[in-house]
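Trainee: If you count the sequence shown from 1, you need to add 92 to reach this note's numbering.
Using N, Cα and C, we set each Cβ at its ideal position, and we do this for glycine too.
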Amino acid sequence: MLKQKSRLASAIDNMTQGLLLFDANKRVLICNQRYIELYGLSPKIVKPGCTLRDVLVHRQERGSLIGDIDKYCERVAKELLEGGKPFILSLADGRFIQIIDRPMASGDWVSTHEDITERRLFDKQIERLAHYDTLTGLPNRGIFLQRLASELESSHDIRVALLFIDVDDFKAVNDSLGHEAGDELLRAVALRLRVCADRPWDFVARLGGDEFVIIRRLSLIASEVDQLIADVFASLHEPIDLSGQRVRIDVSIGAAISPEHGDDASTLMRSADIAMYQAKAAGKNTHMIYHPAMAKSQNARRRLEADLRAGLKKKLSDFSQL
93 MLKQKSRLAS AIDNMTQGLL LFDANKRVLI CNQRYIELYG LSPKIVKPGC
143 TLRDVLVHRQ ERGSLIGDID KYCERVAKEL LEGGKPFILS LADGRFIQII
193 DRPMASGDWV STHEDITERR LFDKQIERLA HYDTLTGLPN RGIFLQRLAS
243 ELESSHDIRV ALLFIDVDDF KAVNDSLGHE AGDELLRAVA LRLRVCADRP
293 WDFVARLGGD EFVIIRRLSL IASEVDQLIA DVFASLHEPI DLSGQRVRID
343 VSIGAAISPE HGDDASTLMR SADIAMYQAK AAGKNTHMIY HPAMAKSQNA
393 RRRLEADLRA GLKKKLSDFS QL
């Protein structure tokens with residue numbers, strides 16, 4: 093029996109979680125070594141026979157508990173009634189502790205404390221990878237679409253401008269200077285766009301490749317979109333140092349404004365995209381603000397391309413039968 097108790101005590105002390113076992117009167121029955129180490133406590137104070145309040149007062153003295161002790165006790169009582177719902181405690185030193193208080197049939201209850209700091213950091217890294225572009229640090233397409241939809245839904249009385257920015261002839265930079273230089277160029281573009289989008293509600297994202305977007309809530313100033321576009325051109329036309337070479341880049345910009353060019357994210361995005369391709373077709377290094385005629389022109393061009401492909405396919409088919 094003594095050997096079994098010794099083994100049990102050893103197992104409890106070697107747990108990766110801190111553990112406290114309380115009786116129905118909130119007096120400590122068991123406290124393992126991990127709990128003492130987790131909060132930097134004295135085993136002379138936190139030991140069998142002391143109360144929950146004694147433990148909490150000592151933790152306050154050691155700096156591992158901030159706040160009202162009575163409220164902490166109320167939270168514990170609530171957790172016990174709910175059957176052991178996990179609670180995350182943020183410590184002043186930056187650590188995160190997951191606490192679970194579980195009631196037992198005997199009236200006793202057990203409190204486990206686990207340091208989940210590394211897990212939280214890992215989860216945040218995974219979340220960042222899912223929502224942010226790893227190369228530039230900008231929000232990615234998914235977050236951009238969410239933000240655009242949110243802006244349009246919440247800004248019923250405010251016009252919202254969307255700029256679609258595409259780096260002209262980006263492939264030539266990759267081919268001539270290498271992919272590392274291309275990556276450095278994209279990082280520089282991202283940084284400069286952040287500087288241009290300097291208002292509290294401005295939002296910059298990278299859609300992928302050499303495509304970027306800016307969302308801006310507009311005031312009553314009529315020339316505001318033109319000024320933002322001018323700021324982007326001025327910033328991006330400044331030479332960028334790539335692998336020891338000073339490189340000047342050009343961009344094509346398409347702009348669309350809600351609600352006149354679309355009052356939902358999908359429509360406004362399509363309008364800005366059409367305007368950007370019109371800027372490309374106009375010779376690049378320029379900007380276009382969406383107009384409904386652009387959509388008709390693009391549809392006509394697509395029909396022409398489809399007819400040409402169909403005609404070519406028929407000619408090839410006729411040739412193969414000769």
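Within 10 Å of its beta-carbon, does A392 have 16 or more other beta-carbons around it, so buried, or fewer, so exposed?
Mentor: Residue numbering aside, residue 392 sits at position 300 when the sequence shown is read from its first letter. Note that A392 has pLDDT 48, beneath the 50 cutoff, so the model's placement of it is unreliable and the number below is only indicative. Result: exposed.
Trainee: Within this structure, are the beta carbons of V324 and I349 separated by less than 8 Å?
Mentor: On the sequence shown, residue 324 is found 232 positions in, with the first residue counted as 1. On the sequence shown, residue 349 is found 257 positions in, with the first residue counted as 1. Not closer than 8 Å, so no.
Trainee: Please decide whether V149 counts as near chain C, where near means a Cβ-Cβ distance under 8 Å.
Mentor: Reference to chain C is not applicable here, since this structure consists of a single protein chain.
Trainee: My understanding is that L113 touches V202, with C-beta atoms under 8 Å, so please give their C-beta distance in whole angstroms.
Mentor: Residue 113 sits at position 21 when you count from the first residue of the sequence shown. Residue 202 sits at position 110 when you count from the first residue of the sequence shown. Contact holds; Cβ gap of about 5 Å.
Trainee: Note down, in chain order, each residue of its chain lying with its Cβ closer than 8 Å to the Cβ of G354, except the 5 sequence neighbours on either side.
Mentor: Translated into the one-based positions of the sequence shown, residue 354 becomes position 262. Taken in chain order, the residues that qualify are A348, L360, M361, R362 and S363.
Trainee: Using beta-carbon positions only, say whether V296 and F256 come within less than 8 Å of one another.
Mentor: Looking up residue 296 in the sequence shown gives position 204. Looking up residue 256 in the sequence shown gives position 164. Contact flag unset, no.
Trainee: Count the CB pairs spanning the stretch 217 to 236 and the stretch 190 to 204 that are closer than 8 Å, and state whether there are at least three.
Mentor: Taking 8 Å as the limit for Cβ pairs, the verdict is that the stretch 190 to 204 does not touch the stretch 217 to 236.
Trainee: Taking DSSP as the reference, what is the three-state secondary structure of S315?
Mentor: Working through the sequence shown from its first residue, we reach residue 315 at position 223. Coil at S315, not helix or strand.
Trainee: Does DSSP classify I158 as helix, strand or coil?
Mentor: For the purposes of this step, residue 158 is taken as residue 66 along the sequence shown, with counting starting at 1. I158 falls in the coil class under three-state DSSP.
Trainee: Can you look up C123 in the DSSP assignment and give me helix, strand or coil?
Mentor: To locate residue 123, count along the sequence shown from 1; it is residue 31. Three-state DSSP puts C123 in a strand.
Trainee: Starting from the Cα of K177, find the closest Cα among L183, K163, T204 and D200 and give me that residue.
Mentor: The residue given as residue 177 occupies position 85 in the sequence shown. Ranking L183, K163, T204 and D200 by Cα distance to K177 puts T204 first.
Trainee: Measure the C-alpha to C-alpha separation of R233 and A371 and round it to an integer number of angstroms.
Mentor: Taking the sequence shown and counting its residues from 1, the one referred to as residue 233 is at position 141. Taking the sequence shown and counting its residues from 1, the one referred to as residue 371 is at position 279. Rounded to the nearest angstrom, the two C-alpha atoms are 22 Å apart.
Trainee: How would you write the range of the beta strand (DSSP E) that H205 sits in, first residue to last?
Mentor: Here residue 205 refers to the residue found at position 113 of the sequence shown. Where H205 is concerned, the enclosing beta strand (DSSP E) stretches over W201 to D207.
Trainee: In or out: L121 buried (at least 16 other Cβ within 10 Å) or exposed?
Mentor: Residue mapping note: residue 121 aligns to position 29 of the sequence shown, counting from 1. Exposed, by the Cβ-count rule.
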